[in-house]
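Same order as they appear, the protein sequences are chains R and X. Following my numbering, the numbering of the first sequence begins with 1 at its first residue and continues without gaps. Following my numbering, the numbering of the second sequence begins with 464 at its first residue and continues without gaps. Using N, Cα and C, we set each Cβ at its ideal position, and we do this for glycine too. See below for the structure under consideration.
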Amino acid sequence: MEIGLLQHFRNFLGDEGIITDVDLIAPHLKEWRDRYFGNTPFMLAPNSTEQVQKIVKFCAQNHLKLVSQGGNTGLVGGQIPMGEILLSLHRLNKIREINPLDDCIIAEAGVILENLQNAAAQNNRRFPLMLASQGSATIGGLISTNAGGVHVRKFGMMRQLVLGLEVVLPNGEIYSELSALRKDNTGYDLKQLFIGAEGTLGVITAASLKISARPKYSVNAMLGLENAQMAVECLHALEEQTAAITAFEIMNKQALQFGIKNLGARNPLTELHNFTALVEFEGAFPDLPEHIEDALSTLIEAGKINDATIAQNEAQANSFWHLREGMSAAQKPEGRAAKHDVSVPISKIPSFLDQAEAAAKNIVNGARIVAFGHISDGNIHYDVARPENMPDDEFQNFIKDINHAVNDVVVSLGGSISAEHGIGIARKDEFCAREPKAHLELMKALKAVIDPQNILNSRNLFS
Amino acid sequence: MKILVPVKRVIDYNVKVRVKTDETGVDLANVKMSMNPFCEIAVEEAVRLKEKGIATEVVAVSIGVTPAQETLRTALAMGADRAILLTTDVDPEPLAVAKLLKAVFEEEKPDAVIMGKQAIDGDNNATGQMLAALLDLPQATFASEVVVEGGKAKVTREVDGGLQTLEVALPAIITVDLRLNEPRFASLPNIMKAKKKPIDIKEASAYGVDLAPHLKVTKVTEPPKRSAGIKVESVGELVAKLKDAGVI
Ligand SMILES: Cc1cc2nc3c(=O)[nH]c(=O)nc-3n(C[C@H](O)[C@H](O)[C@H](O)COP(=O)(O)OP(=O)(O)OC[C@H]3O[C@@H](n4cnc5c(N)ncnc54)[C@H](O)[C@@H]3O)c2cc1C
Ligand SMILES: Cc1cc2nc3c(=O)[nH]c(=O)nc-3n(C[C@H](O)[C@H](O)[C@H](O)COP(=O)(O)OP(=O)(O)OC[C@H]3O[C@@H](n4cnc5c(N)ncnc54)[C@H](O)[C@@H]3O)c2cc1C
């Protein structure tokens, strides 16, 4: 059967479309944070929508399970096969069309985000989604996880940037509406089903996406803040005064310390503050820096900000972002951590940080709290790193309890236990235990109607 | 001790440079401009000398278009005391710049000129040397360490094959290399203070220096495009790709 199966796929995918060499497959089986190691009989790498259709149709007819993968940067294990056939979309990497006057770009699922951003820029437009994995993450993966990143307050999550989709359904049929329309109220908005579905309802092969005007001027500032409440107040004060905020990221002291130590970065401020914020402003007029300088100095004089610095050139701006975007990498040398990607209403961020810290330290005294993220949309990456002198194995035993305790705090504050990374495999238990029964049943009913044989990403979301 | 620091406004080092479609030069419309990175190192070194109590005044000088004031403001925010801008709309060549700096030197009578070894736009690496020659002063170029003591500067230079240490009597011209220091971030309080520091703006033409260019750029083109590379994730993949390419 195996040989016949391989031959069958080879017949229509060609040698490049089917990979059996274990060394070539290996990088696709390991998750970025080394938390999941998968296995697969072979990897399929189609280069057209028709090839994807043929693959899925054949798998549906033969009860073969597939796991879709784009850039393999997902953080919840959803793209890692455990015995299923791995369907990599990386060869679907064409930008099909750019229509600056429609503010629309049509890209295939395997296009890497950075390449899309560059293609938009070459047309004097911009695609605003921005996240640290943009050099690898693909359009298909970003849509399937409804990725967020640093520009969500101003531009929304991936969902708000998708105008239309082309999706191969689990029976091999196609849903295709690569629309450039902002307004289209004809029946159910089916594309929404596939956005954030983590590959469970179809294989995304292409998307039409919103592009917009490129900012002419930008200013990047680092702020030293006394506490989280100040950070929230500062966000609103600056927005009120400048109407130009496009990103407002924070790092707590521990996060910044790990960054300085493990990334070899410099603290842009002369002292370590309890919280450091990285704020990006954009505008169309050359006097933007002056407005920002005035707004920030007013806040310093009012005692709302301890200190601030403004990047004088792109190299300095890049060094601010390097620090912020290196937050995951900076934690690796510090050993095991219980990681959370949560959101709460912005006003609740200070209470969340206080309560979660108490809850985590109640379980592991001496745990090191690394909190950073996108507070302008309420999203905190809340990582509880093991105490310096505790072995990883010992700390491992506490992770589930910490997850549970932190999530209890999140839920009690009206928050979400997965703000932008999704559920995948990693958060399945917590998700299924906490989601209202009626919601879960509706989701399962949808899955059963659209993928009755359960062939696509069958271990994601719920078991 | 007074230090004069020339600074130049150039296309930001991190901006992807685009050639104008008519191939007459680099497209500067709506492009981020910043202080030449080598000039930034020179300002930093001068300010550090002041912080050590060795220098008493740091004067930044720029020659260029009116918006070069922003570049001077950055120098002031880093710690320079005051600034001079000689405005001109032509993009002067190194010799004209050196002659103008000579005139400023004669007005200001500093004890040292600390400047970048080159600007990243023209990459000429000439102005400092020309200035030293015009003033008939000692020069120490490509500095990676500067120690000022007793009217002299001990300058470690990065030369082919190693380091060379020179001692020059002041006043002297010192041009700086990348490894000399890491320039500071400008704090907001210092950015605000810089707004109150004086910038003396004069017409460059008033100095009687011939600013007209002696070189004519006939054509600017992009370097040939490299075909896209790929990233391999393992030795196995590398070997397979090399085999595919018929290299091994
Ligand atoms: C350093 C780092 C920083 C990150 N920062 C952020 C951040 O700021 N915000 C944020 O939201 N996320 C962030 N992420 C995670 C983010 O989810 C991924 O970067 C991205 O969205 C996944 O894209 P991908 O192409 O790598 O997908 P993969 O990891 O390959 O897949 C992710 C999921 O989508 C499914 N999938 C992939 N392609 C398709 C397709 N064509 N059709 C159907 N299903 C598909 C997979 O099966 C899997 O379930 C970060 C990750 C890293 C490593
Ligand atoms: C002068 C004028 C100008 C307009 N301009 C615009 C415009 O610029 N843009 C635009 O989009 N539309 C416009 N509309 C139309 C627009 O659709 C309606 O104004 C509005 O969206 C309907 O709201 P309603 O409460 O009147 O709903 P209704 O007219 O009562 O109902 C509309 C539909 O919604 C359903 N519905 C109503 N309430 C509920 C509920 N609680 N739960 C489930 N279903 C419900 C109804 O069964 C019906 O199918 C305009 C209409 C008029 C008269």
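Of the listed residues the options, nearest to residue i (C-alpha basis)
i	options	result
R:Thr-144	R:Thr-246, R:Cys-104, R:Gln-192 and R:Ala-132	Note that residue 144 of chain R corresponds to Ser in the displayed sequence, not to Thr. The shortest C-alpha separation from R:Ser-144 is found at R:Gln-192.
R:Ala-360	R:Val-409, R:Phe-320 and R:Trp-321	R:Val-409
R:Leu-223	R:Asn-99, R:Asp-307 and R:Asp-429	R:Asp-307
X:Phe-501	X:Glu-556, X:Met-464 and X:Ile-577	X:Ile-577
R:Ala-265	X:Phe-648, X:Thr-529 and X:Gln-581	X:Phe-648
R:Gly-70	R:Trp-32, R:Gly-83, R:Pro-41 and R:Phe-58	R:Trp-32
X:Leu-678	X:Ile-654, X:Asn-587 and X:Lys-665	X:Asn-587
X:Ala-546	X:Lys-565, X:Ile-504, X:Ser-525 and X:Ala-566	X:Ser-525
R:Asp-184	R:Ala-284, R:Val-152 and R:Val-162	R:Val-162
R:Phe-155	R:Leu-190, R:Ser-212, R:Gly-17 and R:Ala-132	R:Ser-212
X:Thr-487	X:Leu-563, X:Thr-684 and X:Ile-517	X:Thr-684
R:His-236	R:Arg-96, R:Ile-346 and R:Asn-11	R:Ile-346
X:Thr-551	X:Lys-694, X:Pro-676, X:Val-702 and X:Val-680	X:Pro-676
X:Met-655	R:Leu-299, R:Ser-136 and R:Gly-199	R:Leu-299
X:Ala-505	X:Ile-517, X:Leu-467 and X:Gly-692	X:Leu-467
Where residue i falls, given that 16 or more other Cβ within 10 Å makes a residue buried
i	result
X:Ser-497	buried
R:Val-279	buried
X:Lys-659	exposed
R:Ile-245	buried
R:Pro-452	exposed
R:Tyr-188	exposed
R:Val-384	buried
R:Arg-182	exposed
R:Arg-368	buried
R:Met-1	Note that R:Met-1 has pLDDT 49, beneath the 50 cutoff, so the model's placement of it is unreliable and the number below is only indicative. Answer is exposed; the Cβ neighbour count stays below 16.
R:His-63	exposed
R:Phe-258	buried
X:Lys-565	buried
R:Lys-348	buried
R:Ser-68	buried
X:Lys-572	exposed
R:Phe-281	buried
X:Gln-627	exposed
X:Arg-642	exposed
R:Ser-88	buried
R:Gln-254	buried
Any non-hydrogen atom of ligand 1 closer than 7 Å to residue i Cβ
i	result
R:Asn-457	yes
R:Lys-85	The question names Lys, yet the displayed sequence has Ile at residue 85 of chain R. No; taking the cut-off as 7 Å, the Cβ of R:Ile-85 has no heavy atom of ligand 1 nearer than that.
R:Gly-321	It should be pointed out that residue 321 of chain R corresponds to Trp in this sequence rather than to Gly. R:Trp-321: no, Cβ never under 7 Å from ligand 1.
R:Leu-131	yes
R:Ser-68	yes
R:Gly-135	no
R:Ser-144	yes
R:His-291	no
R:Gly-528	This structure cannot settle anything about residue 528 of chain R, because the visible part of chain R is limited to 1 through 463.
R:Ser-328	yes
R:His-421	yes
X:Gly-527	no
R:Ala-147	yes
R:Ile-204	yes
R:Gly-164	no
R:Ala-109	yes
R:Leu-468	The shown model of chain R, from 1 to 463, leaves out residue 468 of chain R, and the question about it has no answer.
R:Gly-14	no
R:Thr-73	yes
X:Gln-532	no
* To do: Just list the beta strand (DSSP E) runs in the segment 302-343 of chain R, keeping only unbroken ones of 3 residues or longer that don't cross its boundaries, in chain order.
  => 307-310 and 337-343
* Looking at C-beta atoms only, is the number of pairs between the segment 416-424 of chain R and the segment 166-179 of chain R that lie closer than 8 Å three or more? -> no
* Any beta strand (DSSP E) of 3 or more consecutive residues that is wholly inside the segment 35-89 of chain R -> 66-69 and 85-88
* Asked: If you pair each beta-carbon of the segment 529-545 of chain X with each one of the segment 425-442 of chain R, do three or more pairs fall below 8 Å?
  -> no
* Quick one: which unbroken alpha helix (DSSP H) runs of 4-plus residues sit fully inside the segment 349-392 of chain R? Chain order, please. => 349-363
* Quick check: the segment 21-40 of chain R against the segment 73-84 of chain R, are there 3 or more CB pairs under 8 Å? -> yes
* Counting pairs of Cβ atoms below 8 Å between the segment 598-615 of chain X and the segment 624-642 of chain X, do you hit three or more? -> yes
* Does the count of Cβ pairs from the segment 122-133 of chain R and the segment 82-96 of chain R closer than 8 Å reach three? -> no
* alpha helix (DSSP H) segments (min. 4 residues) lying fully within the segment 386-449 of chain R -> 392-396, 399-412 and 428-434
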